[in-house]
Amino acid sequence: MTLKNIDHSVILNNESTFCIANREDKIGTVRNLSQFLENEGIHVVPFENAKNAIENRLNYANNVVEKDIEKAFNIKNINSVYSIVLDYDYQKDFIDLKYKRFRYSIVDLNTGNPIIWGFSYSNDMETTSKTLKILAKKIKKRMTN
């Protein structure tokens, strides 16, 4: 799996909050990725929470309100909120489900700019679970303490 930085000025750390922009699919991609991220110690909230926190922040920009917004929407640091956007197709082989094509990007919700992107080649596809675990580990590896 490939992971490329687009914006090297953005630092992911333990104060970062992540969400997954996609809706759940039949094979549980969003649920499984959320669980694998949480297993890595990464803070994950529903997409609606993250989106609403950023929208409210833009409407009521001051430090006191930002702390209230963080509490209300379960955001660690309003300045560090990122959305994972997935683009994939999957197939079932004899035993497992595998992604035929798997691409992703991580977008800074405060700016709307992508900061990281990546993909998996179809010839090195693992099971869907293994692919999502690898992605969670790669994101964790990019985070500073």
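Residues in the sequence shown are numbered from 23 upward in steps of one, following the numbering used here.
Where a beta carbon is used, it is the ideal one built from N, C-alpha and C, also for glycine.
- Ranked by Cα distance from Lys162, the options Asn35, Asn54 and Ile117 are led by Asn35.
- If you draw a straight line from the Cα of Leu119 to the Cα of Pro68, it comes to about 25 Å.
- The region 53-73 and the region 146-157 touch, with three or more beta-carbon pairs separated by less than 8 Å.
- If you draw a straight line from the Cα of Val103 to the Cα of Glu70, it comes to about 12 Å.
- Sequence-distant Cβ neighbours of Lys159 in its own chain, meaning closer than 7 Å and more than five residues away, are Glu62.
- Residues Glu37 of the same chain have their beta carbon placed closer than 6 Å to that of Asn99, with the five preceding and five following residues left out of the count.
- Leu108 has its alpha-carbon roughly 10 Å from the corresponding atom of Arg45.
- Per DSSP, Val52 lies in no beta strand (DSSP E) segment; the continuous alpha helix (DSSP H) that holds it begins and ends at Thr51 to Asn61.
- Around the beta carbon of Thr133, fewer than 16 other beta carbons lie within 10 angstroms, which makes this residue exposed.
- In the three-state DSSP reduction, Phe40 falls in the strand class (E or B).
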